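Numbering (this note's numbering), first residue to last: 30 to 222.
See below for the structure under consideration.
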């Protein structure tokens with residue numbers, strides 16, 4: 030059966046979810062379960078804490094990667110909305126050496142264009158990508174349902190590491206900058222300035 034049939038794709042995503050859940054190494058599963066306590070003891074400013082969270086996410090999602098069709102060159106998700114916080118904007122600025130827009134203006138249709146960091150079918154700030162990009166994976170067998178025209182037409186099982194989300198939310202609250210904008214608004218491409 031092809032994954033163009035929604036029922037097959039959802040069934041495949043459920044099966045992959047079960048495989049991921051049962052194959053996560055126990056030490057990694059334990060660390061994720063205790064992540065908020067780790068965060069509470071973590072020293073440093075919010076940017077330092079964000080880096081530490083992202084390092085953990087690299088390990089965690091690296092384990093998941095072998096079960097997903099997500100790979101370099103697949104760029105469908107680079108056309109999705111990408112909500113970022115001021116802390117992530119600073120993370121990108123400092124890590125990638127790219128300056129934010131002098132004035133962040135709400136775009137009327139910010140998703141008409143791909144992410145401004147998509148270059149040659151690859152993320153040019155991959156090591157400094159935002160939280161939502163780091164946690165986004167598909168659990169279907171193919172990338173068919175990832176295409177922006179189909180992505181939000183059906184609901185699929187999603188991978189959700191609750192403590193990762195909880196730590197990120199706490200970091201956002203810690204900075205006091207709870208406003209989000211789209212990455213295209215903070216870092217408009219040359220043609221969208």
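Using N, Cα and C, we set each Cβ at its ideal position, and we do this for glycine too.
Quick caveat: nothing in here was measured; it's all calculated off a predicted structure.
For residue 86, the enclosing alpha helix (DSSP H) begins and ends at 75-94.
In the structure shown, residue 113 falls within a strand segment according to DSSP collapsed to helix, strand and coil. Contact annotation: the segment 85-100 does not touch the segment 119-133, with fewer than three C-beta pairs closer than 8 Å. With distances taken between CA atoms, residue 150 lies nearest to 99 out of 211, 34, 99. Under a 10 Å Cβ-count criterion, residue 50 is classified as exposed, with fewer than 16 other Cβ atoms of the shown protein chains found around its own Cβ. Counting only the Cα atoms, residue 163 lies some 21 Å from residue 218. Secondary structure at residue 198: helix, using DSSP grouped into helix, strand and coil. Here residue 185 has 38, 39, 42, 167, 168, 169, 174 as same chain residues with Cβ atoms under 8 Å from its own Cβ, once five neighbours each way along the sequence are excluded. Rounded to whole angstroms, the Cβ separation of residue 211 and residue 110 is 6 Å, and the two are in contact under 8 Å. With 16 or more neighbouring CB atoms inside 10 Å of its own CB, residue 213 falls in the buried class. Its Cα nearest to that of residue 44, the residue 96 stands out among 53, 72, 96. Within the DSSP bridge table, the entry for residue 147 names 152 as partners. Taking residue 161 as the centre and dropping the five residues before and after it, the same chain places the C-beta of 111, 112 closer than 7 Å to its C-beta, in chain order.
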